[in-house]
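Asker: The structure that follows is given in the form of structure tokens.
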Amino acid sequence: MNIEDIKDLIIAIDKTTIEKVEIEKNDFKIMISKKANNEAFIPKPTMSELENSDISARIMNDNIREFENEINEMEYDTSLIDDENIFIVKSPIVGTFFKAPSPDSPPFVNIGDMVEKGQTLCIIEAMKIMNEIKCEHEGQIMDIFIEDEGIVEFGQPLMLIRR
3 MNIEDIKDLI IAIDKTTIEK VEIEKNDFKI MISKKANNEA FIPKPTMSEL
53 ENSDISARIM NDNIREFENE INEMEYDTSL IDDENIFIVK SPIVGTFFKA
103 PSPDSPPFVN IGDMVEKGQT LCIIEAMKIM NEIKCEHEGQ IMDIFIEDEG
153 IVEFGQPLML IRR
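In terms of my numbering, the sequence shown opens at residue 3 and continues consecutively.
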């Protein structure tokens with residue numbers, strides 16, 4: 003199991019209702035659990051544990067199939083898509099969502115704020131690059147779907163804006 007497999011596993015678990023997963027094989031052990039506020043607690047294995055691990059693909063494939071089935075069953079609420087006065091801000095990339103430019107700064111926007119076209123709504127960090135997500139339509143922020151420092155997928159809804 004390499005780092006990319008672990009990251010993919012974390013993302014898959016985050017999108018499901020599964021609260022805790024433990025995988026153990028020989029000298030390698032990983033436990034992933036979600037906190038009540040949907041933040042994942044992931045103990046980081048050491049490099050020697052990763053290098054010495056020999057987890058069979060069969061064990062992983064069984065768990066991944068279970069996660070994929072749950073992910074495939076999940077759907078976004080599409081009732082708002084038909085409303086032309088509602089604009090859904092979607093993530094253009096995979097990364098980590100940040101509401102503010104730094105931990106001690108106020109968020110770019112809050113629910114209820116009026117926003118203008120071109121205004122920064124959030125930052126998505128991908129591969130150590132901070133990507134500012136700009137507003138495409140002016141309006142009012144109706145909802146923010148992602149918690150600060152949450153992992154987002156390409157095309158995942160981030161916010162609702164009423165034009």
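No residue lacks a Cβ here, since even glycine has one placed at the ideal position from N, Cα and C.
What is the DSSP secondary structure of E127, reduced to helix, strand or coil?
Answerer: Three-state DSSP puts E127 in a strand.
Asker: L160 and V154 - do their beta-carbons sit closer together than 8 Å?
Answerer: Closer than 8 Å, so yes.
Asker: Hey, A102 and P108: beta-carbon distance below 8 Å or not?
Answerer: Yes, Cβ-Cβ distance for A102 and P108 is below 8 Å.
Asker: Indicate the three-state DSSP secondary structure (helix, strand or coil) for E26 in the structure shown.
Answerer: E26 falls in the strand class under three-state DSSP.
Asker: With 16 other CB atoms within 10 Å as the buried threshold, where does G157 fall?
Answerer: By the 10 Å Cβ count, G157 comes out exposed.
Asker: So, with DSSP's three-state summary, where would you put D79?
Answerer: Low local confidence applies: a pLDDT of 48 at D79 is under 50, so the model's placement there is unreliable, and no value is given.
Asker: So E138 and F100 are supposed to be a Cβ contact under 8 Å. How far apart are they, rounded?
Answerer: So it is not a contact: roughly 19 Å between Cβ atoms.
Asker: Considering only their Cβ atoms, is the gap separating D145 from I125 smaller than 8 Å?
Answerer: No, they are not a contact pair.
Asker: Check this for me: beta carbons of K36 and E21, under 8 Å apart or not?
Answerer: Against a cut-off of 8 Å, the Cβ pair of E21 and K36 comes out as a contact.
Asker: Taking G120 as the reference, give the member of P105, E24 and K136 with the closest Cα.
Answerer: Closest option to G120, Cα to Cα, is K136.
Asker: Does the beta-carbon of I143 have 16 or more other beta-carbons within 10 angstroms, so that it is buried, or is it exposed?
Answerer: Buried is the call here.
Asker: Is it the case that the Cβ atoms of F89 and G141 are separated by a distance below 8 Å?
Answerer: Yes, these two residues count as a Cβ contact at 8 Å.
Asker: When you compare each of R164, I148, N133 and D29 to E118 by their alpha carbons, which one comes out closest?
Answerer: For the residues R164, I148, N133 and D29, the minimum Cα distance to E118 belongs to R164.
Asker: Would you kindly work out how many angstroms separate the C-alpha atoms of V111 and E6, rounded to a whole number?
Answerer: Taking the straight line joining both Cα atoms gives about 32 Å.
Asker: Check whether the Cβ atoms of I13 and V23 sit closer than 8 Å, and answer yes or no.
Answerer: No, they are not a contact pair.
Asker: Only counting the same chain, and skipping five residues up and downstream in sequence, which positions put a Cβ closer than 6 Å to that of D115?
Answerer: So the list reads I143, once near-sequence residues are dropped.
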